[in-house]
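Residue numbers (our numbering), protein chains in the order written: chain A, 81 to 175; chain B, 2 to 417. Written out below as structure tokens is the structure these notes cover.
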Amino acid sequence: MIINHPILGPRDAQEFIYLGDAALIDRPDWQADNAAEAFHDYLYLRDNPAGQHRELWFHEQGDRSWLVVTRNTVTHDILNVELARDVARARGRSK
Amino acid sequence: MRYSGLKVIKEALTGHKGWRPTWRNPEPKARYDVVIIGGGGHGLATAYYLAKNHGITNIAVVEKGWIGGGNVGRNTTIVRSNYLLDGNGPFYEMSLKLWEGLEQDFNYNAMVSQRGILNLVHSDAQRDAARRRGNAMILNGSGAELLDAKGVRAMYPFLNFDSARFPIKGGLLHRRGGTVRHDAVAWGYARGADLRGVDIIQNCEVTGFRIENGKCLGVETSKGFIGASKVASCVAGSSSRVMEKAGMRLPIESHVLQAFVTEGLKPVLDGVITFGAGHFYCSQSDKGGLVFGGDLDGYNSYAQRGNLPVFEDVVEGGMALIPALGRVRVLRSWGGIVDMSMDGSPFIDKTHIDGLYFNGGWCYGGFKATPASGWCYAHLLATGQPHDVATDFRLDRFRHGGMIDEKGQGAQPNLH
Ligand SMILES: Cc1cc2nc3c(=O)[nH]c(=O)nc-3n(C[C@H](O)[C@H](O)[C@H](O)COP(=O)(O)OP(=O)(O)OC[C@H]3O[C@@H](n4cnc5c(N)ncnc54)[C@H](O)[C@@H]3O)c2cc1C
Chain A
81 MIINHPILGP
91 RDAQEFIYLG
101 DAALIDRPDW
111 QADNAAEAFH
121 DYLYLRDNPA
131 GQHRELWFHE
141 QGDRSWLVVT
151 RNTVTHDILN
161 VELARDVARA
171 RGRSK
Chain B
2 MRYSGLKVIK
12 EALTGHKGWR
22 PTWRNPEPKA
32 RYDVVIIGGG
42 GHGLATAYYL
52 AKNHGITNIA
62 VVEKGWIGGG
72 NVGRNTTIVR
82 SNYLLDGNGP
92 FYEMSLKLWE
102 GLEQDFNYNA
112 MVSQRGILNL
122 VHSDAQRDAA
132 RRRGNAMILN
142 GSGAELLDAK
152 GVRAMYPFLN
162 FDSARFPIKG
172 GLLHRRGGTV
182 RHDAVAWGYA
192 RGADLRGVDI
202 IQNCEVTGFR
212 IENGKCLGVE
222 TSKGFIGASK
232 VASCVAGSSS
242 RVMEKAGMRL
252 PIESHVLQAF
262 VTEGLKPVLD
272 GVITFGAGHF
282 YCSQSDKGGL
292 VFGGDLDGYN
302 SYAQRGNLPV
312 FEDVVEGGMA
322 LIPALGRVRV
332 LRSWGGIVDM
342 SMDGSPFIDK
352 THIDGLYFNG
362 GWCYGGFKAT
372 PASGWCYAHL
382 LATGQPHDVA
392 TDFRLDRFRH
402 GGMIDEKGQG
412 AQPNLH
């Protein structure tokens with residue numbers, strides 16, 4: 081699989097470490113009333129779809145950026161690549 | 002029809018005209034006491050033990066393809082009982098004991114071969130870990146021996162003992178472990194279940210559940226609705242896809258694991274060797290091919306095929322350990338979709354929906370579990386209580402801190 085890095089261009093997937101579902105960006109609020117429940121779901125439950133999947137890849141042997149890769153889990157086609165930083169910012173997550 | 006050596010000789014002399022199909026191919030009835038989803042090893046074993054141990058025979062096993070087409074026919078056939086943690090140890094030891102008597106029990110040649118499994122050790126730290134695991138194995142009644150380098154050399158003189166990176170310092174030998182002919186396990190359980198009246202319905206995909214007022218009434222399938230008092234999901238790599246239809250999210254990710262087999266060779270490897278440090282393990286099939294594998298590809302996948310980088314990584318491990326492999330040609334490679342759970346251990350449990358049960362999370366190691374998984378799932382379905390050796394395999398264990406994390410990796414499925 082070739083990951084088209086937004087800054088570095090096409091890179092072999094072997095240069096990356098895979099973390100999992102990009103929903104991991106959305107860490108629950110630890111002060112919310114349902115925090116225990118929300119953290120259980122966040123840590124342990126997964127959608128695990130057959131088809132399109134947004135997921136986190138870390139460019140360990142490159143520029144050490146985190147990417148959000150949209151990939152088809154049935155065909156292994158990579159459909160879209162974004163910097164995780166941009167995705168998080170677009171959700172108002174960081175300054 | 003009973004199988005025996007005498008029968009084989011008789012058939013050989015009479016042109017093999019007396020063999021009959023091993024199971025029927027019935028159309029589904031409108032309703033069953035138990036509908037099992039998935040005709041893999043675990044689903045078929047569950048049907049067999051429900052019928053044999055509990056006298057429940059009004060059962061259908063509903064399989065979307067052909068039985069044995071999933072992981073039960075794709076694995077590298079290794080069976081072992083070398084677990085460390087209490088939640089696992091007695092369960093896998095029970096499974097190994099069932100393997101030891103299985104062929105007599107279901108009158109089918111599953112080629113159970115206790116040829117021994119050797120886990121190699123390359124450092125003091127690994128030797129300590131092997132000693133600890135070996136002690137746990139001895140406590141569970143599985144048996145274990147710690148070998149030094151000389152002991153390993155006496156068994157397998159052709160290994161690369163003096164590699165600079167991973168010199169072989171010894172190994173943990175599990176003599177009762179070995180291999181079993183994987184599809185024969187599916188066929189043997191299928192035959193045993195069919196003989197007791199179980200309907201095995203192939204080419205029938207479960208597409209949904211009928212759930213009313215918190216009770217599961219049956220399954221929607223490509224052959225129409227099938228009613229059931231109890232529905233038992235047992236679909237390995239497809240667990241999330243199937244249970245999603247009941248509105249459930251599972252502590253599971255689906256990953257692809259590859260396996261490889263070489264051209265047939267003269268007998269060279271009479272046991273199973275695992276080279277964990279190099280991500281490689283290997284045995285030789287009775288046909289002569291070296292059967293080997295390594296790590297998961299590492300990303301979510303439903304593709305039933307992997308990619309070349311892991312192939313390269315695995316054969317590099319093979320070359321590092323057994324340099325003599327260099328001229329051997331690989332014949333085939335394939336992948337299976339494994340249901341990686343959040344702690345690397347399985348589930349055999351009820352769900353919050355009345356009448357709906359779940360068996361899954363077997364990761365890359367559920368073949369060895371087949372007999373005990375079927376036995377314990379049948380026990381749960383028949384009695385409503387978990388079997389004594391499977392009490393920890395609960396779906397809600399993460400809520401209560403009851404993880405069974407053999408590797409201590411945490412909630413990262415691709416590292417288990
Ligand atoms: C390459 C590889 C190597 C392995 N090596 C080993 C090993 O050496 N030792 C070991 O112990 N384990 C090993 N495993 C793991 C082991 O194979 C599995 O854990 C085990 O086979 C899973 O249980 P099963 O046999 O019931 O699964 P499967 O055979 O996969 O059965 C599940 C069945 O469910 C069916 N199904 C799915 N969805 C539906 C639906 N909607 N409706 C109806 N049916 C459906 C599928 O078609 C399939 O037949 C390996 C796995 C792989 C992929």
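Where is the CB? At the ideal position from N, CA and C, for every residue including glycine.
- Relative to the non-hydrogen atoms of ligand 1, the Cβ of His353(B) never comes closer than 7 Å to any of them.
- The Cβ neighbour count for Ala325(B), taken over all protein chains shown within 10 Å, is under 16; the residue is labelled exposed.
- Between Arg250(B) and Leu104(A), the gap from beta carbon to beta carbon reaches 8 Å or more.
- Taking 4 residues as the minimum length, the alpha helix (DSSP H) runs contained wholly in the stretch 273 to 335 of chain B are 309 to 322, in order along the chain.
- A distance of 8 Å or more separates the beta carbons of Phe368(B) and Thr15(B).
- Close to chain B, meaning a Cβ-Cβ distance shorter than 8 Å, are the following residues of the stretch 142 to 169 of chain A: Arg151, Thr153, Val154, Thr155 and His156.
- By the neighbour-count criterion, in which a residue is buried when 16 or more other Cβ atoms sit within 10 angstroms of its Cβ, Ser124(B) is exposed.
- Between the stretch 164 to 178 of chain B and the stretch 140 to 156 of chain B there are three or more inter-stretch CB-CB distances shorter than 8 Å, so the stretches are counted as touching.
- Taking 7 Å as the cut-off, the C-beta of Tyr358(B) does not count as close to any heavy atom of ligand 1.
- With 16 or more other Cβ atoms from the protein chains shown falling within 10 Å of its own Cβ, Gln127(B) counts as buried.
- In the pairwise beta carbon analysis, the stretch 355 to 374 of chain B is classified as not touching the stretch 302 to 318 of chain B: fewer than three pairs are separated by under 8 Å.
- Under the three-state reduction of DSSP, Trp67(B) is assigned to coil, being neither helix nor strand.
- Proximity of the beta carbon of Val339(B) to ligand 1 is indicated: a heavy atom of the ligand is located closer than 7 Å.
- If you check the CB distance, Gly74(B) and Ala187(B) come in under 8 Å.
- With a threshold of 7 Å, the Cβ atom of Phe368(B) counts as near ligand 1, since some heavy atom of the ligand is closer than that.
- Setting aside the 5 residues that flank it on each side, Pro268(B) is surrounded in the same chain by Gln285 and Gly289, each with a C-beta closer than 8 Å to its C-beta; the list follows chain order.
- Val80(B) places its beta carbon less than 8 Å from that of Trp100(B).
- Taking 8 Å as the upper bound on Cβ-Cβ separation, chain A lies near no residue of the stretch 72 to 99 of chain B.
- Annotation for Ala52(B): the continuous alpha helix (DSSP H) segment containing it runs Gly42 to His55.
- Residues of the stretch 110 to 135 of chain A with a C-beta atom less than 7 Å from some C-beta of chain B are His120, Leu123, Tyr124, Leu125, Arg126, Asp127, Asn128, Ala130, His133 and Glu135, listed in chain order.
- Sixteen is the threshold: since fewer than 16 other Cβ atoms of the shown chains lie within 10 Å of the Cβ of Ser5(B), the residue is exposed.
- When distances are taken from the beta-carbon of Asn76(B) to the heavy atoms of ligand 1, the shortest one is below 7 Å.
- Residue burial is scored here from C-beta neighbours: Val9(B) has fewer than 16 other C-beta atoms within 10 angstroms and is therefore classed as exposed.
- If you check the CB distance, Ile227(B) and Pro29(B) come in under 8 Å.
- Note that the C-beta distance between Phe348(B) and Arg306(B) is not below 8 Å.
- For Gly131(A), the shortest separation between its Cβ and any heavy atom of ligand 1 does not lie below 7 Å.
- Within the stretch 183 to 215 of chain B, the alpha helix (DSSP H) runs of at least 4 residues that lie entirely inside it are, in chain order, 183 to 196.
- Between Leu416(B) and chain A, the shortest Cβ-Cβ separation is not below 8 Å.
- Of the other Cβ atoms in all chains shown, 16 or more fall within 10 Å of the Cβ of Arg398(B); this residue is therefore buried.
- At least one heavy atom of ligand 1 is found less than 7 Å from the C-beta of Lys65(B).
- Excluding its 5 nearest sequence neighbours in each direction, Leu332(B) has C-beta neighbours in its own chain below 7 Å: Val262, Thr263, Glu264 and Gly290, listed in chain order.
- Burial is judged here by how many other beta carbons sit within 10 angstroms of a residue's own beta carbon; Thr222(B) has at least 16 and is buried.
- Residue environment for Asn214(B): exposed (fewer than 16 other C-beta atoms within 10 angstroms of its C-beta).
- Residues of chain B with a Cβ closer than 8 Å to the Cβ of Gly100(A) are, in chain order, Glu254, Asn301, Gln413, Pro414 and Asn415.
- Our two residues, Val167(A) and Arg400(B), have alpha carbons roughly 30 Å apart in a direct line.
- Residues of the stretch 346 to 375 of chain B with a Cβ closer than 7 Å to any Cβ of chain A: none.
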